[in-house]
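There are 2 protein chains.
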Amino acid sequence: MIRFKNGRILPMTNGCEITEGEVWTNGSKISFVGKPTEEQLKNTKFDRVIDLDGDVIMPSFKNAHTHSAMTFLRSYADDLPLQNWLYTKVFPMEAKLTGDHIYWLSKLAILEYLSSGVTACFDMYFNPEDYVHANTECGFRTVLCGSVSGGAENIERLDSCMKQFNGIHPLISYRLGFHAEYTASRELLEGMGELVKKYKAPVSTHNSETAKEVRECVEKYGKTPTELFDSLGILDYGGSSFHCVHLSENDMDIFAKRGMYAVTCPGSNSKLASGIAPICKLLEKGIPLAIGTDGPASNNCLDMFREMFLVTALQKLSLNDAAACPAGEVLKAATVGGAHAMGLDDCDVIAEGKQADLIVIDLKQPNMQPLNSIANNIVYSGSKTNIRLTMCAGSILYENHCFSVGEDPKRIYARANEIISSMRD
Amino acid sequence: MIRFKNGRILPMTNGCEITEGEVWTNGSKISFVGKPTEEQLKNTKFDRVIDLDGDVIMPSFKNAHTHSAMTFLRSYADDLPLQNWLYTKVFPMEAKLTGDHIYWLSKLAILEYLSSGVTACFDMYFNPEDYVHANTECGFRTVLCGSVSGGAENIERLDSCMKQFNGIHPLISYRLGFHAEYTASRELLEGMGELVKKYKAPVSTHNSETAKEVRECVEKYGKTPTELFDSLGILDYGGSSFHCVHLSENDMDIFAKRGMYAVTCPGSNSKLASGIAPICKLLEKGIPLAIGTDGPASNNCLDMFREMFLVTALQKLSLNDAAACPAGEVLKAATVGGAHAMGLDDCDVIAEGKQADLIVIDLKQPNMQPLNSIANNIVYSGSKTNIRLTMCAGSILYENHCFSVGEDPKRIYARANEIISSMRD
Chain A
-6 MIRFKNGRIL PMTNGCEITE GEVWTNGSKI SFVGKPTEEQ LKNTKFDRVI
44 DLDGDVIMPS FKNAHTHSAM TFLRSYADDL PLQNWLYTKV FPMEAKLTGD
94 HIYWLSKLAI LEYLSSGVTA CFDMYFNPED YVHANTECGF RTVLCGSVSG
144 GAENIERLDS CMKQFNGIHP LISYRLGFHA EYTASRELLE GMGELVKKYK
194 APVSTHNSET AKEVRECVEK YGKTPTELFD SLGILDYGGS SFHCVHLSEN
244 DMDIFAKRGM YAVTCPGSNS KLASGIAPIC KLLEKGIPLA IGTDGPASNN
294 CLDMFREMFL VTALQKLSLN DAAACPAGEV LKAATVGGAH AMGLDDCDVI
344 AEGKQADLIV IDLKQPNMQP LNSIANNIVY SGSKTNIRLT MCAGSILYEN
394 HCFSVGEDPK RIYARANEII SSMRD
Chain B
-6 MIRFKNGRIL PMTNGCEITE GEVWTNGSKI SFVGKPTEEQ LKNTKFDRVI
44 DLDGDVIMPS FKNAHTHSAM TFLRSYADDL PLQNWLYTKV FPMEAKLTGD
94 HIYWLSKLAI LEYLSSGVTA CFDMYFNPED YVHANTECGF RTVLCGSVSG
144 GAENIERLDS CMKQFNGIHP LISYRLGFHA EYTASRELLE GMGELVKKYK
194 APVSTHNSET AKEVRECVEK YGKTPTELFD SLGILDYGGS SFHCVHLSEN
244 DMDIFAKRGM YAVTCPGSNS KLASGIAPIC KLLEKGIPLA IGTDGPASNN
294 CLDMFREMFL VTALQKLSLN DAAACPAGEV LKAATVGGAH AMGLDDCDVI
344 AEGKQADLIV IDLKQPNMQP LNSIANNIVY SGSKTNIRLT MCAGSILYEN
394 HCFSVGEDPK RIYARANEII SSMRD
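Heads up: the sequence lines are chains A and B, in that order. Last residue of the first sequence: number 418 in the working numbering, and the count goes up by one each step with no gaps. Last residue of the second sequence: number 418 in the working numbering, and the count goes up by one each step with no gaps.
Structural data, given as structure tokens:
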């Protein structure tokens, strides 16, 4: 058991209200939240007592859209338009990837997640076996997202992944998904609709990331991607859509009706000039929100603090309204919203019985002072330097700038450099 | 003497080209850059040898627009429109500030600058004496910017500040400036024109931050702020303008003609919904660029990494062009551009004889790997966690997350909280 004492608790169970008390963890779970009695303290044996000294303990961030192994393409081809970047730079390099590459490149991403207070990601990529291997070795949590594209023959692969990966490890789950409308045949999309009926399960996909994607879909099918997916039954059990930059009013109404999560990726959408998602409108319509970094090739970093600031800053700018998208909504999306979008309902808040997926925010840094509003400080001036500790499923994987993932980070950096060098040759 | 060895040098003397070699500092200056001979090494006695182990040594960032002491209003009144925020929240609280408050609140800002790799700022605020006191005690470098507003009677004060603060300390200088057109009387602006003639010196001011400011200036004077300043001789010796969001073509031509620096503050402009500065257009016209965080009440943080990403990301978004404003331009603005905008011509690059105002970037962090492009990594995925060391005028003020500013940071945090608490009462 681990005892966190003398801290401030931001449980995210009641807006951004902060309470006093302790948090105890036992195995992978939170076993106590509140003010313990003398009796309780006397009767409990702790493996470790962490004095928070006024620092904040809160739910960890959940990265609701990413392609972890794309770390190898960080700063490899910046400053290009999305379609050009994707087809002339990304896809040819991805074709050279091996399973061993994905294993190491994913470990690199996991280090970066942990340093940013992220304990789980919704990962869409190839070779899930190798990613799972890297992931479970590090002690990180992942929800794998189906990444099929092309023709209907790939539906069978998705079906078998659902069976193979759900239940494989307590830190791993798998959800139905496909890459995007623009990389899928009509037959694949119809097959997705059939799978949804079979599993009665939500589906996740890239959706309306660029204006071009939506325009071409309307030209091809007479429907927006969201309308098309809905017409094929793909959204019957909800799910989540990544990016959501170019949604119509009708698209948003479909989201609301189907209980869909909008996963916003403002870092990637800015860097690739894709546009600004209508976050305030989505919130007005009651559509739940989550935040994703997208992959490190497009963002280029995996930093939830940068994403949080961008979510609100870009709304303020695009709506010409400094009051738009207040900090509390952003913090909720980065924690609770992300967990729910990924189906991690037991990793969402700080409460007894929940998974111990949590972070400690170091307030004793200049960017967190003074303490006019801790939640606003986290969203508007927070940075990775404020992550004092990251715990996933009760294990401390990052503390005081050091990683505990069973591997020397320098070895991971060396392998990542070797991999990209070998591909350039 | 301090010897930095085994590093990569990003001198910013030739774009973002990285060279190999060593950097030595002697007193406040850089005394050697390059590959030393055995003879040189044998004949030189070092006080300290720092093994960079492959990390990058580069010029420090220069924060070309800020109001340091406004740390007390961080997260105090977020999510409000600029004019409302300024007149109902900021000005009433500022009226309560004492010199002692400014001393402590400035020290808080200086800690944050150092943690972000910033060694100098262009500070516009009241009570320069108290700021200078805080500043020189910490060993930080500042160019004070005249902050007069109101009527012509304040010109005399500005004149006396020019005499009082220039030459007061090697780390301090003072430049002509006034708050903004919208807080100045016509007489004050005319007085500024006279002072410029007297000193033959550049002038700095807020300029075209909001559409309202420009509209009302045109209504009042029949000229944009830039046109008005130019017509009064205020720009005769150049200078710098802060924000530059709503510039006309003619304004930009005046900037080019007068050799004016545009200081962009994208964090503040986003958070206050002021708009996006036309950075690419300014660059096209050959107008030199610098970057400022603005004050911590509006931003809310003093983080040059966040600003750098925003400079390029917002151009890409607003121009719908992922190729807009490449990383090299941004890095130049954050270092060389900032130094020149503030008149710190000897603090701009890593070269023999220059001031030793430099930083070490820790590449052994996941967000800096792999090393496809170090400059792009710094701009697109860098964060304050990558600041391994910050040196100002040859003194190491921040290293491995610890401050050396002659004061316990916790005492500074405590005082900042006491100050804002006393003001609320």
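Glycine included, C-beta positions come from ideal geometry on N, C-alpha and C. Values in this document were obtained by computation on a predicted structure and should not be read as measured data.
With 16 other Cβ atoms within 10 Å as the buried cut-off, status of residue i
i                 : result
Ser414 of chain A : exposed
Lys325 of chain A : buried
Leu275 of chain B : buried
Thr18 of chain A  : buried
Thr30 of chain A  : exposed
Val42 of chain A  : exposed
Glu105 of chain B : buried
Arg417 of chain B : exposed
Arg134 of chain A : buried
Leu34 of chain B  : exposed
Whether residue i touches residue j by CB criterion (8 Å)
i                 : j                 : result
Ser99 of chain A  : Phe54 of chain A  : no
Thr198 of chain B : Val207 of chain B : no
Glu242 of chain A : Val26 of chain A  : no
Ile343 of chain A : Met51 of chain A  : yes
Tyr254 of chain A : Ala332 of chain A : no
Asn171 of chain B : Ser201 of chain B : At residue 171 of chain B the sequence reads Phe, which differs from the Asn that was named. No, the pair does not count as a contact, with Cβ atoms beyond the cut-off.
Leu225 of chain B : Pro195 of chain B : no
Val83 of chain B  : Ala290 of chain B : yes
Ala316 of chain A : Ala349 of chain A : no
Thr257 of chain B : Cys273 of chain B : no
Tyr373 of chain B : Ser68 of chain A  : yes
Glu322 of chain B : Pro259 of chain B : no
Per DSSP, the bridge partner or partners of residue i
i                 : result
Glu13 of chain A  : A:Arg1
Asp123 of chain B : Paired residues: none, contrary to the question.
Tyr118 of chain A : None, per the DSSP bridge assignment.
Asn7 of chain B   : B:Cys9
Asp44 of chain A  : A:Lys(-2)
Leu167 of chain B : Residue identity differs from the one stated: residue 167 of chain B is Tyr in this sequence, not Leu. BP columns for Tyr167 of chain B point to B:Leu137.
Ala270 of chain A : Paired residue(s): none; Ala270 of chain A is not in a bridge.
Thr59 of chain B  : B:Asp116
Ile352 of chain A : A:Met51 and A:Thr383
Lys22 of chain A  : A:Asn19 and A:Gln348
Straight-line gap, residue i to residue j (C-alpha atoms, nearest Å)
i                 : j                 : result
Phe248 of chain B : Phe235 of chain B : 12 Å
Asp72 of chain A  : Ala204 of chain A : 18 Å
Glu209 of chain A : Ala177 of chain A : 13 Å
Leu182 of chain A : Ala88 of chain A  : 24 Å
Val111 of chain A : Ala145 of chain B : 55 Å
Pro402 of chain A : Ile389 of chain A : 16 Å
Asp355 of chain A : Gly279 of chain B : 43 Å
Pro484 of chain B : Glu10 of chain B  : Nothing can be reported for residue 484 of chain B: it is not among the residues displayed for chain B, which extend from -6 to 418.
Ile352 of chain A : Lys193 of chain B : 55 Å
Cys154 of chain A : Trp97 of chain B  : 59 Å
Ile227 of chain A : Asn262 of chain A : 25 Å
Ser175 of chain B : Gly336 of chain A : Contrary to the premise, residue 175 of chain B reads as Tyr rather than Ser in this sequence. For Tyr175 of chain B and Gly336 of chain A, the distance between alpha carbons rounds to 53 Å.
Leu451 of chain B : Asp123 of chain B : No statement about residue 451 of chain B is possible, as the shown extent of chain B runs from -6 to 418 and does not include it.
Gly330 of chain A : Leu265 of chain B : 26 Å
Gly0 of chain A   : Val16 of chain A  : 9 Å
His58 of chain B  : Asn292 of chain B : 12 Å
Asp48 of chain A  : Asn410 of chain A : 36 Å
Glu13 of chain A  : Met86 of chain B  : 29 Å
Leu307 of chain B : Ser366 of chain A : 27 Å
Tyr80 of chain B  : Ile412 of chain A : 56 Å
Thr64 of chain A  : Ser397 of chain B : 35 Å
Pro422 of chain B : Leu310 of chain A : Given that chain B is displayed from residue -6 to residue 418, the structure contains no residue 422 of chain B and the question cannot be resolved.
Lys38 of chain B  : Ile148 of chain B : 51 Å
Lys419 of chain A : Gly132 of chain A : Past the edges of chain A, shown from -6 to 418, lies residue 419 of chain A, and the structure says nothing about it.
Heavy atom of the ligand ZN within 7 Å of residue i beta-carbon
i                 : result
Gly375 of chain B : The model on display carries no ligand, and the ligand ZN is accordingly not part of it.
_Residues in the segment 289 to 302 of chain B having any Cβ partner in chain A nearer than 9 Å_ = For the segment 289 to 302 of chain B, residues whose beta-carbon sits nearer than 9 Å to a beta-carbon of chain A comprise Pro289, Asn292, Asn293, Cys294, Leu295, Asp296, Phe298, Arg299 and Phe302.
_Closer than 9 Å between beta carbons: that is the criterion. Which residues of the segment 56 to 87 of chain B meet it against chain A?_
Taking 9 Å as the Cβ-Cβ cut-off against chain A, the residues of the segment 56 to 87 of chain B that qualify are Thr64, Phe65, Leu66, Arg67, Ser68, Tyr69, Ala70, Asp71, Asp72, Leu73, Pro74, Leu75, Asn77 and Trp78.
*Which residues, taken in chain order from the segment 347 to 370 of chain B, show a beta carbon closer than 9 Å to some beta carbon of chain A?*
Of all residues in the segment 347 to 370 of chain B, only Leu356, Lys357, Gln358, Pro359, Asn360, Met361, Gln362, Pro363, Leu364, Asn365, Ser366, Ile367, Ala368, Asn369 and Asn370 come within less than 9 Å of chain A when Cβ atoms are compared, listed by chain position.
*asked:* For the segment 241 to 272 of chain B, list every residue whose C-beta sits within 9 Å of some C-beta in chain A, in sequence order.
replied: Under the 9 Å Cβ criterion, the segment 241 to 272 of chain B contributes Pro259, Gly260, Asn262, Ser263, Lys264, Leu265, Ala266, Ser267, Gly268 and Ile269.
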